[in-house]
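Below you'll find the structure, written out as structure tokens, and then a few comments.
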Amino acid sequence: MPPRTAVTRPIPLLLAIALAATTLTGCELLDLAQDCEGTDEARVKETAALDILGARPDGATVPRGFEEVDAGCWADSGEVVVYADRTYAFPGTRAEAAAHYRTVAVQDGWGAAPETPPGELCFTKDAMALRIAFLTAEGLAEDGHGRRPDLTTGAGYSVGVESYANSGTEAGC
5 MPPRTAVTRP IPLLLAIALA ATTLTGCELL DLAQDCEGTD EARVKETAAL DILGARPDGA
65 TVPRGFEEVD AGCWADSGEV VVYADRTYAF PGTRAEAAAH YRTVAVQDGW GAAPETPPGE
125 LCFTKDAMAL RIAFLTAEGL AEDGHGRRPD LTTGAGYSVG VESYANSGTE AGC
């Protein structure tokens, strides 16, 4: 008679692992399941309407395909973030665009974020973060926008604001 082999049942093992993970992490597993449902739509609209998103330097234009402010929310690791982004094509230099935003951001009550890496533009105000990101051909291609010389000559850039929706956490750079 051949020796009997044990048949393991995977369900009890999986349940034991899930129980152990819940015990070790507390409520974190529930936090990971949070998403944008229930995020105040008025808050998204308010973020999209911020004046700083429309404060562009003279000569900057809204490129084809970017006519609307991209606004909404995203969830990651239990945090829900409200965001709004605007993209511009600017015939001037990056330095000129950066100087413009350093001036208008301060005039609008934004403060330079102390932890901003060199070469980047980031400001904070009322638990929100404002970022100016210069566009590259590679980045546009990765985002599905293909070859866009109107955004990669001169200083194509995006202006974005974000804040946490479900916690007292301040957005930072």
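For the sequence shown, my numbering begins at 5 and goes up steadily by one. All C-beta atoms, glycine included, are put in the ideal place defined by N, C-alpha and C.
- Within the segment 87-156, the alpha helix (DSSP H) runs of at least 4 residues that lie entirely inside it are, in chain order, 98-111, 141-146 and 153-156.
- For residue 116, same chain residues with a beta-carbon under 7 Å away, outside a window of 5 residues either side, are 127 in chain order.
- Assignment of residue 62 by DSSP, reduced to helix, strand and coil, places it in the coil class.
- Distance from the CA atom of residue 175 to the CA atom of residue 68, rounded to whole angstroms, is 30 Å.
- Per DSSP, residue 79 lies in no alpha helix (DSSP H); the unbroken beta strand (DSSP E) holding it starts and ends at 74-80.
- For residue 164, the beta-bridge partners assigned by DSSP are 89 and 135.
- The Cβ atoms of residue 88 and residue 143 lie no closer than 8 Å to each other.
- In this structure, residue 65 places its C-beta atom within 8 Å of the C-beta atom of residue 92.
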